[in-house]
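These protein sequence lines are chains C and W, in that order. Here this note's numbering is used: the first sequence runs in plain steps of one and ends on residue 460. Here this note's numbering is used: the second sequence runs in plain steps of one and ends on residue 460. Here is the structure we will look at, set down as structure tokens.
Protein chains: 2
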Amino acid sequence: MPNDTPFLPLPAGEIGLLTDLYELTMAQSYFAEGIHGEAAFSMYVREYPPDRGYLVAAGVDDAVDCLEALSFDTDSIEYLRSTSIFTADFLEYLRDFRFTGSVRAMPEGALFFTHEPVLEVTGPIIAAQLAETIVMNQVQYQTLLATKSARCVQAARGRPIADFAARRTHGTEASIKMARSSYIAGFGATSNVLAARRYGIPPTGTMAHSYVTSFDSEIAAFRAYSRMFPDRSILLLDTYDTINAAHAAVKVAHEMESDGHRLTGVRLDSGDFDALSRQVRRILDYAGLDYVRIVASGGLDEYEIDRLITGGAPIDMFGVGTRVGVSADAPSCDMVYKMVSYDGRPVMKLSEGKETLPAAKQVFRQHDPEGMMSADVIGLATEDVPDAEPVLIQAMTDGRRAIPPSAIADARQRVADGLSRLPQAHRRLRQPDHFPVSISAELSLLESQIRGRLTAALTS
Amino acid sequence: MPNDTPFLPLPAGEIGLLTDLYELTMAQSYFAEGIHGEAAFSMYVREYPPDRGYLVAAGVDDAVDCLEALSFDTDSIEYLRSTSIFTADFLEYLRDFRFTGSVRAMPEGALFFTHEPVLEVTGPIIAAQLAETIVMNQVQYQTLLATKSARCVQAARGRPIADFAARRTHGTEASIKMARSSYIAGFGATSNVLAARRYGIPPTGTMAHSYVTSFDSEIAAFRAYSRMFPDRSILLLDTYDTINAAHAAVKVAHEMESDGHRLTGVRLDSGDFDALSRQVRRILDYAGLDYVRIVASGGLDEYEIDRLITGGAPIDMFGVGTRVGVSADAPSCDMVYKMVSYDGRPVMKLSEGKETLPAAKQVFRQHDPEGMMSADVIGLATEDVPDAEPVLIQAMTDGRRAIPPSAIADARQRVADGLSRLPQAHRRLRQPDHFPVSISAELSLLESQIRGRLTAALTS
Chain C
1 MPNDTPFLPL
11 PAGEIGLLTD
21 LYELTMAQSY
31 FAEGIHGEAA
41 FSMYVREYPP
51 DRGYLVAAGV
61 DDAVDCLEAL
71 SFDTDSIEYL
81 RSTSIFTADF
91 LEYLRDFRFT
101 GSVRAMPEGA
111 LFFTHEPVLE
121 VTGPIIAAQL
131 AETIVMNQVQ
141 YQTLLATKSA
151 RCVQAARGRP
161 IADFAARRTH
171 GTEASIKMAR
181 SSYIAGFGAT
191 SNVLAARRYG
201 IPPTGTMAHS
211 YVTSFDSEIA
221 AFRAYSRMFP
231 DRSILLLDTY
241 DTINAAHAAV
251 KVAHEMESDG
261 HRLTGVRLDS
271 GDFDALSRQV
281 RRILDYAGLD
291 YVRIVASGGL
301 DEYEIDRLIT
311 GGAPIDMFGV
321 GTRVGVSADA
331 PSCDMVYKMV
341 SYDGRPVMKL
351 SEGKETLPAA
361 KQVFRQHDPE
371 GMMSADVIGL
381 ATEDVPDAEP
391 VLIQAMTDGR
401 RAIPPSAIAD
411 ARQRVADGLS
421 RLPQAHRRLR
431 QPDHFPVSIS
441 AELSLLESQI
451 RGRLTAALTS
Chain W
1 MPNDTPFLPL
11 PAGEIGLLTD
21 LYELTMAQSY
31 FAEGIHGEAA
41 FSMYVREYPP
51 DRGYLVAAGV
61 DDAVDCLEAL
71 SFDTDSIEYL
81 RSTSIFTADF
91 LEYLRDFRFT
101 GSVRAMPEGA
111 LFFTHEPVLE
121 VTGPIIAAQL
131 AETIVMNQVQ
141 YQTLLATKSA
151 RCVQAARGRP
161 IADFAARRTH
171 GTEASIKMAR
181 SSYIAGFGAT
191 SNVLAARRYG
201 IPPTGTMAHS
211 YVTSFDSEIA
221 AFRAYSRMFP
231 DRSILLLDTY
241 DTINAAHAAV
251 KVAHEMESDG
261 HRLTGVRLDS
271 GDFDALSRQV
281 RRILDYAGLD
291 YVRIVASGGL
301 DEYEIDRLIT
311 GGAPIDMFGV
321 GTRVGVSADA
331 PSCDMVYKMV
341 SYDGRPVMKL
351 SEGKETLPAA
361 KQVFRQHDPE
371 GMMSADVIGL
381 ATEDVPDAEP
391 VLIQAMTDGR
401 RAIPPSAIAD
411 ARQRVADGLS
421 RLPQAHRRLR
431 QPDHFPVSIS
441 AELSLLESQI
451 RGRLTAALTS
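Take a look at the structure:
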């Protein structure tokens, strides 16, 4: 029973303050100067995290929900007053402030590439500026978690994966979003019960070592658990000795059979998964228990899953936590939110290695005759690139959602579709080829014009 | 105006579900089997993250607040019922469930080392088991963030550091806890306004590139900002060209002087900080602006701060975001929550490389005559080690707080005190010596007795 109301990470009246102070001081200055022109901002990733050849857009719908709710409650206004930084009339303005801008964004679950705007905000400069911190905060890490999870799904080649990361993520909000992001990316289940409830994700779980150690013997623990859950027992084998435990599991499975039940599986949580899974598979098969599945968990990521499956380890299902739940090799990325036009004038920054593409943009996706993605073109939002599909869609108009958020099932399908259309060279786990992304002639011309103008101004 | 009521990450009635499903299925089995004995769990870190020689306990007070509030609201019970996993009488039990266990824990901000329990939970087995996920979730990442931040503070050798991480952390909750953890660790300020309000941390901020690009010229932007904030302006120099911008800042600073104000600082956000800070310092000093401070931000961590200061770069203040706000080189750690006794019987697991120390424990800290920390002894909770100070304190008794949470200022003082007493060899940024932690004779004897008994049982 998923709930369709947005799950805001904070009360609406506190979202306004979940921002960097400079967003508010800049807003105060704009307010005092009477600067209220329309600005456009592009949010994009400058560089791929290690070994990534694509990114999975996630958290976009949360960002839009936050923008729709963004406001300053009385405590927030009083706190700002207490800092003595702001003027009384600006605080009155904030008291009634709502985000009135518009948002074009990639739909939840869309694949995207470096330099492509995953989200663009257009609106009065104060609104567009105040959107920055919360939008970056929501989209960046969820995109990293969805991307890392999608890589695991590819590595597992059809074997189901469950999210076990709740204890390792950076807080409860992150744990819930990890469950959501990984499900969108193709995981089959989560151990996180609150996330399962919120998003309608299948909940899953086995047993902990503490369960085994709380009984006088391992087999007593196995018997008690399978008595309670005769149709969904996965027994944990590595509390004392995995092979001994496998023999105990066989005994219990045979006892269950005589009661008309079947042991669902056994779990390996430490040691050499390749060797242990083969030994345990042999023990189970020899006992006629070929239906009992082997689950592996503990320190897994896409590289380790790939290594195990490539090597032929008879593992049927994976539980991933630590390394995926924090996107361990890329816990942050170079995602930025840059002003690209102000008051009808395209702008860019020239900081060394951090140049921006000016103006509001669109991403145009081209496919070959077989339906495989062949190239993207970043063009102006006002352009029309023939035989290509615009990827950014209108998500919010004048402060209100233009479309409902994606159902989680739709976002999940979008990832699966995208990956099935992305050529393998860009999906390789290591050193993938960069997907071809070009700049349209119009955008390229505009960029060199502005660069020329800025450089002339600097040297004049 | 910090608020003293706990800031729970979730509504109290949802904290019960922020758990791994297996905690609930194990609880269901215990409930059905009538297993209600008292269990003790130790939470500790098995291995240091890279280059760490100490850990800073953080999130402990949040964990205790969560345990005090932990409950299952009606929606949670109904969700659990819908899964068809649980019995009706167990769901009734959960409806009235409150955590009734006790907690001994390191005080917020205490230093600790591998294998030492940072927190121990004792209570009826269902309660002690249901505590696991939320306690791990809250303490692990905050400890990592506080530890990483403390390393930055050491590297900065007295220069102030501000938390700029809000856009990079894994969600809003993580951003707020990053601000708190880094302030405890010795940062001077945060850009995160909501965190500043909640915890009474000084808020800070400068301006963004977008501010500069929204004006017709850089100097127009600098003038507008300093007009608005004549006593707290930090001008961002790298939008187009840092050296050009430094000359513009000089001009504006002189204009401010003639109005009786002083420019607070300038900020470098890209390029070679060592070279640029020297050039900018010379430009400022030559113009008689020796009071204008230089702030550096962008990709900084303890290693980079150390390199800059060791090299003599004239940087007065650092803003850190990305790498520290996700503890980039150690976004998770090997923190575990293991059952150590059940029903008066000490227990341990033997999994390869993952052995636990049995029984409820205490950490005894020894100091040399100069007050420097010399060694820790992990002993039984019932032991008394002479001339040593027990570090774990009673935080919660029978489900209620035994002491109020630490004031943030006290936690901050605790980190400063701890670090001042920790010999330099363990505070080195790279490859620090391991602080000597030994096991008491009583604990050691108990461990070998249990290991012998378990091994005998396995081989019999």
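For each residue, glycine too, the CB sits at the ideal point set by N, CA and C.
- Take H349(W) and list the residues in its own chain whose beta-carbon comes closer than 6 Å to its own, dropping the five residues that flank it on each side. Taking the second sequence and counting its residues from 1, one reaches residue 349(W) at position 349. According to the sequence as given, residue 349(W) is Lys; it is not His. Cβ within range, chain order: T356.
- Just curious, the alpha helix (DSSP H) that S82(W) is in, first and last residue? As a first step, residue 82(W) must be located in the second sequence, where it is residue number 82. Counting along the chain, the alpha helix (DSSP H) containing S82(W) begins and ends at T74 to S82.
- Can you check whether the CB of R168(W) is closer than 9 Å to the CB of I201(W)? Walking along the second sequence from the start, residue 201(W) turns up at place 201. Walking along the second sequence from the start, residue 168(W) turns up at place 168. For I201(W) and R168(W), no; Cβs fall outside 9 Å.
- Task: Grab me the residues of L392(C)'s own chain with a C-beta within less than 7 Å of its C-beta, minus the 5 sequence neighbours each way, in chain order.
- Result: Position 392 of the first sequence, counting from 1, holds the residue named residue 392(C). Cβ within range, chain order: R104, A105, M106, P117, E120, Q362 and V363.
- Task: Express the C-alpha separation of A195(C) and F7(C) in angstroms, rounding to a whole number.
- Result: Against the first sequence, residue 7(C) aligns to sequence position 7. Against the first sequence, residue 195(C) aligns to sequence position 195. Computed Cα separation, rounded: 11 Å.
- Query: Can you tell me whether S327(C) is buried or exposed, with buried defined as 16 or more other CB within 10 angstroms of its CB?
  - Reply: Position 327 of the first sequence holds residue 327(C). By the neighbour-count definition (other C-beta atoms within 10 Å, threshold 16), S327(C) is a buried residue.
- Which residues of chain W have a Cβ atom closer than 8 Å to the Cβ of P331(C), listed in chain order? Here residue 331(C) is taken as the residue at index 331 of the first sequence, counted from 1. Around P331(C), the beta-carbon contacts reaching into chain W at under 8 Å are H170, V326, S327, A328 and P331.
- Roughly how many angstroms lie between the CA atoms of M1(C) and Y199(C), to the nearest whole one? As a first step, residue 1(C) must be located in the first sequence, where it is residue number 1. As a first step, residue 199(C) must be located in the first sequence, where it is residue number 199. Residue confidence for M1(C) is low, a pLDDT of 36 falling below 50, so the modelled location carries little weight and cannot support an answer.
- Message: Could you pull the DSSP bridge partners for L268(W) from this structure?
- Response: Position 268 of the second sequence holds residue 268(W). Looking at the DSSP assignment, L268(W) forms a beta bridge with A296(W).
- If you follow the beta strand (DSSP E) that H367(C) is part of, which residue opens it and which one closes it? By one-based count along the first sequence, residue 367(C) stands at place 367. First-last of the beta strand (DSSP E) with H367(C): K361 to H367.
- Alpha carbon to alpha carbon, what distance is there between F222(C) and D285(C)? Numbered from 1 along the first sequence, position 285 holds the residue referred to as residue 285(C). Numbered from 1 along the first sequence, position 222 holds the residue referred to as residue 222(C). Their Cα atoms are separated by approximately 19 Å.
- Query: Per DSSP, G319(C) forms a beta bridge with which residues?
  - Reply: In the first sequence, the residue the question calls residue 319(C) occupies position 319. In the DSSP output, where bridge partners are listed per residue, G319(C) has A162(C) and S297(C).
- Item | Closest residue to G312(W) among S332(W), P346(W), D343(W) and S277(W) (Cα-Cα distance) | Numbered from 1 along the second sequence, position 312 holds the residue referred to as residue 312(W). Cα-wise, what sits closest to G312(W) is S277(W).
- Return the CA-CA distance between Q279(C) and L235(C), expressed in angstroms with no decimal places. Counting from one through the first sequence, the residue named residue 279(C) turns up at place 279. Counting from one through the first sequence, the residue named residue 235(C) turns up at place 235. Straight-line Cα distance between these residues: approximately 16 Å.
- Query: So, using beta-carbon positions, are Q129(W) and G59(W) closer together than 9 Å?
  - Reply: For the purposes of this step, residue 129(W) is identified with residue 129 of the second sequence, where counting begins at 1. For the purposes of this step, residue 59(W) is identified with residue 59 of the second sequence, where counting begins at 1. No, they are not a contact pair.
- K251(C) classed as buried or exposed, judged by whether at least 16 other C-beta atoms fall within 10 angstroms: Along the first sequence, read from residue 1 onward, the residue named residue 251(C) stands at position 251. An exposed status is given to K251(C), since fewer than 16 other beta-carbon atoms sit within 10 Å of its beta-carbon.
- Would you report the Cα separation of R365(W) and V377(W), rounded to the nearest angstrom? Mapped onto the second sequence, residue 365(W) falls at position 365. Mapped onto the second sequence, residue 377(W) falls at position 377. Distance between the alpha carbons of R365(W) and V377(W): 7 Å.
- Message: Please return the same chain residues whose Cβ sits closer than 6 Å to the Cβ of N3(W), not counting the five positions on each side in sequence.
- Response: The residue labelled residue 3(W) in the question sits at position 3 within the second sequence. Residue placement at N3(W) cannot be trusted, given a pLDDT of 44 that sits under 50; what the coordinates show is reported in the next sentence. Cβ neighbours of N3(W) beyond the five flanking positions: none.
- Message: If we define contact as Cβ-Cβ less than 9 Å, is T281(C) a contact residue for chain W?
- Response: As a working mapping, residue 281(C) is identified with position 281 in the first sequence. Looking at the sequence itself, residue 281(C) is Arg, so the reference to Thr does not match. Not an interface residue.
- Query: So, V135(W) versus M26(W), is the Cβ gap smaller than 9 Å?
  - Reply: To locate residue 135(W), count along the second sequence from 1; it is residue 135. To locate residue 26(W), count along the second sequence from 1; it is residue 26. No.
- Message: Please tell me whether T100(W) has its Cβ less than 9 Å away from any Cβ of chain C.
- Response: Here residue 100(W) is taken as the residue at index 100 of the second sequence, counted from 1. Answer no: the Cβ-Cβ gap between T100(W) and chain C never drops below 9 Å.
- Message: Do F41(W) and G399(W) count as a contact pair if the criterion is CB distance below 9 Å?
- Response: Stepping through the second sequence from its first residue, residue 399(W) is reached at position 399. Stepping through the second sequence from its first residue, residue 41(W) is reached at position 41. Result no, Cβ atoms of G399(W) and F41(W) do not sit closer than 9 Å.
- In angstroms, rounded to a whole number, what distance separates the CA positions of G319(C) and Q394(C)? Here residue 319(C) is taken as the residue at index 319 of the first sequence, counted from 1. Here residue 394(C) is taken as the residue at index 394 of the first sequence, counted from 1. In this structure, the straight-line span from the alpha carbon of G319(C) to that of Q394(C) is close to 37 Å.
- Closest Cβ-Cβ distance between A457(C) and chain W: below 9 Å? Mapped onto the first sequence, residue 457(C) falls at position 457. Answer yes: the Cβ-Cβ gap between A457(C) and chain W drops below 9 Å somewhere.
- Query: So Y141(C) and H170(W) are in contact, right, with Cβ under 8 Å, and what is the actual spacing, rounded?
  - Reply: Within the first sequence, residue 141(C) is the residue found at index 141, counting from 1. Within the second sequence, residue 170(W) is the residue found at index 170, counting from 1. About 4 Å; that satisfies the 8 Å criterion.
- Query: So, is the C-beta of R232(C) closer than 9 Å to a C-beta in chain W?
  - Reply: What you label residue 232(C) is simply residue 232 of the first sequence in a count that begins at 1. Look at R232(C): its C-beta is under 9 Å from a C-beta on chain W.
- Item | Short-range partners of chain C found in the stretch 409–430 of chain W, where Cβ spacing is below 9 Å | none
- Message: Does the CB of Q362(C) have a neighbour CB from chain W at under 9 Å?
- Response: The sequence position of residue 362(C) within the first sequence is 362, counting from 1. Output row for Q362(C): interface = no.
- Using the beta-carbon of each residue, which ones in chain W are nearer than 7 Å to T83(C)? By one-based count along the first sequence, residue 83(C) stands at place 83. By Cβ distance, chain W contributes P203.
- Message: Starting from M348(W), trace the beta strand (DSSP E) in both directions and tell me its first and last residue.
- Response: Position 348 of the second sequence, counted from the start, is the residue given in the question as residue 348(W). Segment: none, M348(W) is in no beta strand (DSSP E) and carries neither H nor E.
- Message: Could you tell me the alpha carbon to alpha carbon distance between Q449(W) and R323(C), rounded to whole angstroms?
- Response: Position 449 of the second sequence, counted from the start, is the residue given in the question as residue 449(W). Position 323 of the first sequence, counted from the start, is the residue given in the question as residue 323(C). Our two residues, Q449(W) and R323(C), have alpha carbons roughly 35 Å apart in a direct line.
- Message: Using 9 Å as the threshold, is the C-beta distance between S341(C) and A359(C) below it?
- Response: As a first step, residue 341(C) must be located in the first sequence, where it is residue number 341. As a first step, residue 359(C) must be located in the first sequence, where it is residue number 359. Yes, the Cβ-Cβ distance between S341(C) and A359(C) is below 9 Å.
- Item | Start-to-end residues for the beta strand (DSSP E) that takes in F41(C) | Position 41 of the first sequence holds residue 41(C). Unbroken beta strand (DSSP E) run through F41(C): E38 to V45.
- Item | Inter-residue Cα distance where the pair is S438(W) and A155(W) | For this step, residue 438(W) is matched to residue 438 along the second sequence. For this step, residue 155(W) is matched to residue 155 along the second sequence. One C-alpha to the other measures close to 29 Å.
- Please say whether G344(W) and S440(W) have beta carbons closer to each other than 9 Å? Against the second sequence, residue 440(W) aligns to sequence position 440. Against the second sequence, residue 344(W) aligns to sequence position 344. In this structure, G344(W) does not lie closer than 9 Å to S440(W) by Cβ.
- First and last residue of the uninterrupted beta strand (DSSP E) at L119(C): In the first sequence, residue 119(C) corresponds to position 119, counting from 1. Element bounds for L119(C): L119 to P124.
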